[in-house]
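Trainee: Read in order, the letters of the sequence shown are residues -11 to 124 in this note's numbering.
Where is the CB? At the ideal position from N, CA and C, for every residue including glycine.
This one's a predicted model, so the numbers in the text were calculated from it and none came from an experiment.
Structure provided below as structure tokens; questions to follow.
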Amino acid sequence: MIIQKEITLPPFKRGFHLITKYITKEFNDLPKAGLMNIFIHHTSAGITINEDADPSVREDLDKLFNHIVPEGLDFLKHTLEGPDDMPAHTKSSIVGSSLTIPITNKQLKLGTWQGIYICEFRNNGGSRKITVTLHY
């Protein structure tokens, strides 16, 4: 069986933000076993899993990504949408646009310290859409 929902997330400022609760509230009765796929519909934001306990992890990830892929590189051609756009596309390609998480005993089988993040790479990205698909 397959169940699919599109979720519109609220706008987030640039950075890494936990969205686990936005997803789990849409699926309050998960199957005993299965898979959850999460796909983000944007090329300047990404989705990943990382630590959800210490907020400094999110701050440091943002600093590291901005250091690795800075704005203002004079050799970039795709600049009409602003200096943050092409770096956002690059960061999105590094992080990825989808995740698959196992479901066990009606729960997402995330590790003790894991949470689902949206990685907002634009300065003003606006609301973002994700499609969540359950396979069981």
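#1: Beta-carbon separation of N38 and Q102 under 8 angstroms?
#2: Name the residue from D72, H123, S115 and T67 whose alpha carbon lies nearest to the alpha carbon of H55.
#3: Is the segment 7 to 23 in contact with the segment 62 to 81, if contact means three or more CB pairs nearer than 8 angstroms?
#4: Check M24 in the structure and name its three-state DSSP category.
#5: Within the segment 48 to 114, note down every full alpha helix (DSSP H) run reaching 4 residues or more, in order along the chain.
#6: For my contact list, D50 and T8 are in at a C-beta cut-off of 8 angstroms; report their separation, rounded to the angstrom.
Mentor: Based on what the coordinates show:
#1: By one-based count along the sequence shown, residue 38 stands at place 50. By one-based count along the sequence shown, residue 102 stands at place 114. Yes.
#2: As a first step, residue 55 is located in the sequence shown; it is residue number 67 there, counting from the start. With distances taken between Cα atoms, H55 lies closest to D72.
#3: no
#4: The residue labelled residue 24 in the question sits at position 36 within the sequence shown. Strand, per DSSP.
#5: 73 to 83
#6: In the sequence shown, the residue the question calls residue 50 occupies position 62. In the sequence shown, the residue the question calls residue 8 occupies position 20. That belief does not hold up - the Cβ atoms of D50 and T8 are roughly 18 angstroms apart, past 8 angstroms.
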